[in-house]
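Remarks on the structure that follows.
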Amino acid sequence: MAEEKEKRGIWSRRDFFTRLGWGGFGIFGLGTLLAFVRSAFPRVLFQPPSTFKAGFVTDYAVGEVSEKFKQDQRVWIVREETGVYAVFAKCTHLGCTPRWLAAENKFKCPCHGSGFFKSGLHFEGPAPRPLDRFKVIIGGDGQLIVDKSKVFKMGPSGEPDEQYPESILKA
Ligand code: FES
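Our numbering applies: residue 920 is where the sequence shown begins, and numbers increase by one.
The structure is reproduced here in structure tokens:
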């Protein structure tokens, strides 16, 4: 008998499969438990608010393209004789962030060279359409509010002012 045990080694084949079975069951049970605990903490996506205050109309000079909110909000505030509008600083080619070149009075995308007039209209490079705009309203305290959830998505042709006259806040 002792001789037979010696031949089988420390574990018999049956012992091995039994332990393997319990081991697998244990891992499965642990995985299920972890999944259950994880489900108690749902993933919440914290998104920045879609609106922001942009100061008073009089904070902007007529003809100015303000870069005050470009870094944080990716928005240029433009004031013209006709009113104020908010331009989305995202190139309509592949999404790079253009630069405002005041001396040349245009937005220029550093990635592939698309150029846009102050209105957002594209005039050079591969961008297929003008820059988009966001809705701007006047809040209860008299400040401009830019609502980034309301996008005026420009079509490929036509002046942005004509495509979406409502994108200009008459002020
Ligand atoms: S991403 Fe602006 S030109 Fe290509």
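Yeah, the Cβ is synthetic: ideal placement off N, Cα and C, and Gly gets one too.
Please classify residue i as buried or exposed, where buried requires at least 16 neighbouring CB atoms within 10 angstroms.
{"i": "T1001", "result": "exposed"}
{"i": "G1039", "result": "buried"}
{"i": "L939", "result": "exposed"}
{"i": "V984", "result": "buried"}
Roughly how many angstroms lie between the CA atoms of residue i and residue j, to the nearest whole one?
{"i": "G1032", "j": "G982", "result": "24 Å"}
{"i": "K1009", "j": "R993", "result": "7 Å"}
{"i": "V1003", "j": "V1065", "result": "11 Å"}
{"i": "P967", "j": "I996", "result": "19 Å"}
{"i": "P1029", "j": "A1046", "result": "12 Å"}
{"i": "G1034", "j": "K1027", "result": "5 Å"}
{"i": "L1020", "j": "D1060", "result": "32 Å"}
{"i": "D978", "j": "H1012", "result": "31 Å"}
{"i": "F1071", "j": "H1041", "result": "15 Å"}
{"i": "A980", "j": "R998", "result": "7 Å"}
When DSSP builds the beta bridges, which residues end up paired with residue i?
{"i": "Y1004", "result": "V997"}
With the cut-off set at 9 Å, would you say residue i and residue j are in Cβ contact?
{"i": "L1050", "j": "P1079", "result": "yes"}
{"i": "K1069", "j": "K1054", "result": "yes"}
{"i": "L1088", "j": "K972", "result": "no"}
{"i": "R1052", "j": "F1007", "result": "yes"}
{"i": "S958", "j": "K1067", "result": "no"}
{"i": "G974", "j": "K989", "result": "no"}
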